[in-house]
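Colleague: All residue numbers for the sequence shown refer to my numbering, where the first residue is 1 and numbers rise by one.
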Amino acid sequence: MPSRPPPSHSLTVRIALLMLGFLLAGMWALVWYADHRLREDMREQLQAHQQTLAALLARELERTLAERSSALQAVARSLLTGEQPGAAQTLERLQAVLPRLSVLQQMFSGGYFVTDAQGLAIVSYPAHLQGQRRMFAAS
1 MPSRPPPSHS LTVRIALLML GFLLAGMWAL VWYADHRLRE DMREQLQAHQ QTLAALLARE
61 LERTLAERSS ALQAVARSLL TGEQPGAAQT LERLQAVLPR LSVLQQMFSG GYFVTDAQGL
121 AIVSYPAHLQ GQRRMFAAS
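#1: For G111 and P126, I'd like the C-alpha separation in whole angstroms.
#2: Looking at Q95 and V123, is the spacing between their C-beta atoms short of 7 Å?
#3: Is the beta carbon of A71 less than 7 Å from the beta carbon of V31?
#4: Taking the CB atoms as reference points, tell me whether R68 and M107 lie closer together than 7 Å.
#5: State the DSSP-derived secondary structure class of F108, mapped to helix, strand or coil.
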């Protein structure tokens, strides 16, 4: 009697194992590709979201700065109108006017000041900032 090869060496078992190996390799490659594509898509979406958020924040910051700048310009124009008193009267008038500028108090909660042409703070609100003689000119 011829001897039969063990069942693990038969051609059908080998073909079945080979097909199973190809199937597992194909599934592994598909999982790897899907993972790669999902990560790439998530990265692109996150990048687009961050760019949109940065643009929104930049527009909001620009709007806020423009609003504050126009308020400061309006206050400066209102202070320049009228007669031109002497320097001492101007300082006293400015110190009396600054506390009444509620629009500036809402926008600049830390206080505000008026500088001379050299950039030295001469009048401020609140009054405790008055004693701090600082130079604000660009050097």
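We treat Cβ as the ideally placed atom computed from N, Cα and C, and that holds for glycine.
Modeller: Per the coordinate set shown:
#1: Taking the straight line joining both Cα atoms gives about 6 Å.
#2: With contacts defined by Cβ atoms closer than 7 Å, V123 and Q95 form a contacting pair.
#3: No, Cβ-Cβ distance for A71 and V31 is not below 7 Å.
#4: Contact flag set, yes.
#5: Note: F108 maps to coil in three-state DSSP.
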